[in-house]
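For what it's worth, our numbering labels the leading residue of the sequence shown as 28, then goes sequentially.
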Amino acid sequence: MWRWVRQQLGFDPPHQSDTRTIYIANRFPQNGLYTPQKFIDNRIISSKYTVWNFVPKNLFEQFRRVANFYFLIIFLVQGYEDWLRHNSDNEVNGAPVYVVRSGGLVKTRSKNIRVGDIVRIAKDEIFPADLVLLSSDRLDGSCHITTASLDGETNLKTHVAVPETAVLQTVANLDTLVAVIECQQPEADLYRFMGRMIITQQMEEIVRPLGPESLLLRGARLKNTKEIFGVAVYTGMETKMALNYKSKSQKRSAVEKSMNTFLIIYLIILISEAIISTILKYTWQAEEKWDEPWYNQKTEHQRNSSKILRFISDFLAFLVLYNFIIPISLYVTVEMQKFLGSFFIGWDLDLYHEESDQKAQVNTSDLNEELGQVEYVFTDKTGTLTENEMQFRECSINGIKYQEISGRLVPEGPTPDSSEGNLSYLSSLSHLNNLSHLTSSSFRTSPENETELIKEHDLFFKAVSLCHTVQISNVQIDGIGDGPWQSSLAPSQLEYYASSPDEKALVEAAARIGIVFIGNFEETMEVKTLGKLERYKLLHILEFDSDRRRMSVIVQAPSGEKFLFAKGAESSILPKCIGGEIEKTRIHVDEFALKGLRTLCMAYRQLTSEEYEVIDRRLFEARTALQLREEKLANVFQFIEKDLILLGATAVEDRLQDKVRETIEALRMAGIKVWVLTGDKHETAVSVSLSCGHFHRTMNILELINQKSDSECAEQLRQLARRITEDHVIQHGLVVDGTSLSLALREHEKLFMDVCRNCSAVLCCRMAPLQKAKVIRLIKISPEKPITLAVGDGANDVSMIQEAHVGIGIMGKEGRQAARNSDYAIARFKFLSKLLFVHGHFYYIRIATLVQYFFYKNVCFITPQFLYQFYCLFSQQTLYDSVYLTLYNICFTSLPILIYSLLEQHIDPQVLHNKPTLYRDISKNRLLSIKTFLYWTILGFSHAFIFFFGSYFLMGKDISLLGNGQMFGNWTFGTLVFTVMVITVTVKMALETRFWTWINHLVTWGSIIFYFVFSLFYGGILWPFLGSQNMYFVFFQLLSSGSVWFAIILMVVMCLFLDIVKKVFDRQLYPTNTEKAQLTETNSSIKCLDSMCCFSEGETACASVGRMLERVIGRCSPTHVSRSWSASDPFYTNDRSILTLSTMDSSTC
């Protein structure tokens, strides 16, 4: 028990050494010369709380929000949600599994798996722990798995067991295994695992390296394999899946920060009112006649009590009396608005992608209004701006460019050493897609070069077919490749799976040319060339990594020759080459990149037996090392991948998604700066930026690339800054690569940011995932504190999606990891415009009005209470009945603002979508500025003064307002003030509403009716469960007076008249773009959405005031109004007119 407590407190970690030793089947040495290691059990914990920390942790989270006195509701809701998580955990932990114990299979629960247990997994089952593969039903010990639930990759991945355990395919055989695994301690990296297995056979120890290809991760699923056996090395919360349960930092919107600022101001007002009231009370009581009047004699205890304690007690009493000025229900209403409002995004059919059957998803509703405040958009390129559907388009072989046209490989232009009449090369290469269709004018070769050219082309496409990690599904492959290739056979009989769409496109292209990859069988790769089956023994795979930017395979040809085939970016392959057409290929690669194609270079090296023996030995030593394995492998890879012969280059196309250009242009018109962050090479990225409209031809393109030192980078930045200042160009674009960016961010952040802020578009190429996040953070913490949005589709985009204020995941072809880690997920980039310009605009307008209206109505509510103290000797007498105090925010005034915040559409959505410039009107949190906040606050104080003093002047001198002379009292006065207040704040909400539905009418007028009906019932019956009923028959008496009805109407009109006049003149004299856009075209006529913004060209303010005042109370009727449009007032009718800035002719309107 004590050990458990110490572990919970973090004082007794279960392991402290750098490695762990696992005894398979938990067979510990009997000689006692070992130190037992402590491992945690296999229990998974995804729940947030425990019995011990539930109360304090939840209280802490709730009180981070100022004035959140409704935390108890959220407290219970979160407790219920965590109870559901506990149930989910129990379901996972209780799942049945089979482990090998005592020479047989034992059924147990998942949580009971211990480190060292041998576990059996059947086909389509999920691995319950991180297992090292021991054997499978296949002789080579391989199996296929899918890790879609971990990293979103849907392709099948092959994992293999070491040869010594691969043959142990039964429980009886496994029971004889004596082996020890030494591996690293748990870490979150899904793709990194280092260890070794020491197998004892016939008194001899055999050491085998273990890497990621041997580790089966918890959460992955076994596919295309009947069963496997694996030994548990990481269990429970130490599995890689559990270590990736990293809690994301809570994102807070700008509106929420403004709310807290406003609440602090109102807390100051509350404390000030309480202090003023307390001081005035004691000032008033300084006179003896008011300190202890004859009707309110003090007790002896009160006379002898401490004045300081009395002062504090009175101060606290005033705080309680005035505390309703703090809108304690504001956060609850905001949470409801955000939660319910988020459903509209999922319901929007314009955000539904029919081809993939995907609708928009909301993963967090806390940032809805932030969609209307975005100033920077950071986007990935591949899969986000493009389709991530790779199509092989061109290649360069031995310095000659080829294009694939209608399934045929066609040379581009005449070859260098052409001669007349020699076409035997073409006719002999029927596997090169029957190139004999080419005429002598397009391609010729001389006899002496024919054999060499055939060999080069054959070797190039064999390199493409062998240097990859593509898998093939278990389909019938007989007949594939027999005879010249027929492309019609490919989709029906052979299906490739690849983690990279580039690899899949290249292998499929090689198959169309005639060299068909058949699949991996044990340690061989089979390729068919013109129906001839060739088996290449796969000796080693040198895996791809982001530092080398290449991958290689070492194979043994049927002839016994050993080849190294390498594939990678030109920057990583060309420097390693010592032969081949390097310069021509480099030119071709640049030409491919200018067309926006993705390029890879292919090279090879023939290995002698001596060279291979050295390579094999050094690879084995590096892969079996437990310390510094990655560094040792990197050194060996550098040693192997050298002295290459360049074969050529490939170019695949990733076409743009629909309406990407229009969307980027619309974002720019909305005042949003777009940055593209990509890992592609410089030329490819620039070409795609030009084609998608991120850069345009009239833009001055600045470059910060290939910088080698801090001083060189700083000088280049200064030159760019001077060019921006001196060049008389409206817009600049900046291109920066990853290396130069690292130098710029190291010492010259301010200078770099100054250059970036003066550029309309920025393109960052050759970017690592963490660099993307660092760039976004740099923008976030800049002095302007802009709101950022990141959009991406792959696992490498997760870091920037989580770093930005708003993260958008594209549900593309690179899995769902970006979508799962995002705040919002959409199917296509083009949906971003509707999400920001319509939903973001509406959400921001709604919640900005909601927040300020809450403060306004609470000022109206509590200020009369403060004024009333001047007339009751600051005795802390309440003006309102306690029931009214309770129900004001809960029932009488809550529903109109809630429905407004869910349904309000101050402009037609189509107009918002088609006029991106309207987005500028709400940027920089403009509607929650201090100026606007003060207006609403002053408006609330002025209305409160009218409520109170209007009622006082009515009843102050003559409180007999009934014909029979019956007098009104304190509760009648308070009820009159309260009645005027409820009607005024409700009608004020009606004036703010521009989009009326039957629900708005129901809750607006229904709230007023409900107040009257409730007051009549509450004051008309003697309720037995109430101790005292001060309001009995008060409301009946109040409504019996005609003077009261007249006063109510008069005070409501007085309160709202000045507000209406101000709105009319502001909209007429200083209309915003949004107010001008409240005209839309319907059936060749203009329908008024807001009558106050309907005006004609040349019409003066005074001439139109009368017309507007006639319509302002009735709001917008469906009547059509005439309006003339000026040439300088463009009206956009569709997407095309937006992007070309074309205006409608005046006669159209």
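Cβ atoms here follow ideal geometry from the backbone N, Cα and C, with glycine treated the same way.
According to DSSP, is residue i helix, strand or coil?
i	result
A387	coil
D144	coil
Y563	strand
K150	coil
A918	According to the sequence as given, residue 918 is Cys; it is not Ala. Of the three classes helix, strand and coil, the one that applies to C918 here is helix, per DSSP.
I226	strand
T62	coil
F901	coil
M195	For clarity, residue 195 is Leu in the given sequence; the question names Met instead. Coil at L195, not helix or strand.
R136	strand
S9	Here the chain has residues from 28 to 1176 only, and residue 9 is not among them.
T1175	Caution is warranted here: a pLDDT of 33 is assigned to T1175, below 50, making its placement in the model unreliable, and the coordinate value is therefore given only provisionally. T1175: helix per DSSP, three-state reduction.
Q498	strand
G977	helix
C791	strand
A584	coil
F881	helix
H940	helix
V126	strand
I49	strand
T1002	helix
D834	Per the sequence shown, the amino acid found at residue 834 is Gly instead of Asp. It is a strand residue.
T413	strand
N460	Caution is warranted here: a pLDDT of 41 is assigned to N460, below 50, making its placement in the model unreliable, and no coordinate value can be reported.
D764	strand
I1113	The pLDDT assigned to I1113 is 37, lower than 50, so where the model puts this residue is not dependable, and the model offers no usable value.
L906	coil
E550	coil
H866	helix
L961	helix
S423	strand
Just list the residues that DSSP pairs residue i with in beta bridges.
i	result
T626	A678
R632	L591
L243	L158
K700	Y403
H187	Per the sequence shown, the amino acid found at residue 187 is Val instead of His. DSSP lists S169 as partners of V187.
C783	Partner(s): none; C783 has no beta bridge.
K555	V543 and L560
V395	Sequence check: residue 395 is Asn here, not Val. Answer by DSSP bridge pairing: none, since N395 is not bridged.
H759	N727
L660	Partner(s): none; L660 has no beta bridge.
A852	Q388 and G836
G819	G836
D572	R577
Using 8 Å for Cβ pairs, my map puts residue i next to residue j. What's the rounded Cβ distance?
i	j	result
T46	E265	Incorrect: roughly 14 Å between the Cβ atoms, too far for contact.
V554	L493	7 Å
L270	I353	Actually they do not touch by this definition, with Cβ atoms about 43 Å apart.
Y403	I835	Incorrect: roughly 13 Å between the Cβ atoms, too far for contact.
S714	A620	6 Å
V1061	G1046	5 Å
L1183	Y631	Here the chain comprises residues numbered 28 to 1176, so residue 1183 is not present and cannot be evaluated.
**Message:** Can you confirm whether the region 815–828 touches the region 645–652 when touching is taken to mean that 3 or more C-beta pairs between the two stretches lie within less than 8 Å?
**Reply:** Contact fails: fewer than three Cβ-Cβ distances are below 8 Å.
**Asked** Does the count of Cβ pairs from the region 864–880 and the region 938–955 closer than 8 Å reach three?
**Response** Here the region 864–880 lies against the region 938–955, with 3 or more beta-carbon pairs under 8 Å apart.
**Prompt:** Is the number of C-beta pairs between the region 150–169 and the region 240–257 that are closer than 8 Å three or more?
**Reply:** Counting C-beta pairs with one atom in each stretch, the region 150–169 and the region 240–257 have three or more that are closer than 8 Å, which means they touch.
**Request:** Say whether the region 278–290 touches the region 391–401, bearing in mind that this needs 3 or more beta-carbon pairs closer than 8 Å, one atom from each stretch.
**Result:** Under the Cβ criterion (8 Å, minimum of three pairs), the region 278–290 counts as touching the region 391–401.
**Request:** Report yes or no: do the region 256–264 and the region 138–147 share at least 3 C-beta pairs separated by less than 8 Å?
**Result:** Yes: the two stretches touch, three or more of their Cβ pairs being nearer than 8 Å.
**Message:** I'd like to know if the region 666–686 and the region 591–605 are in contact, where contact means that at least 3 CB-CB pairs between them fall below 8 Å.
**Reply:** Yes, the region 666–686 is in contact with the region 591–605.
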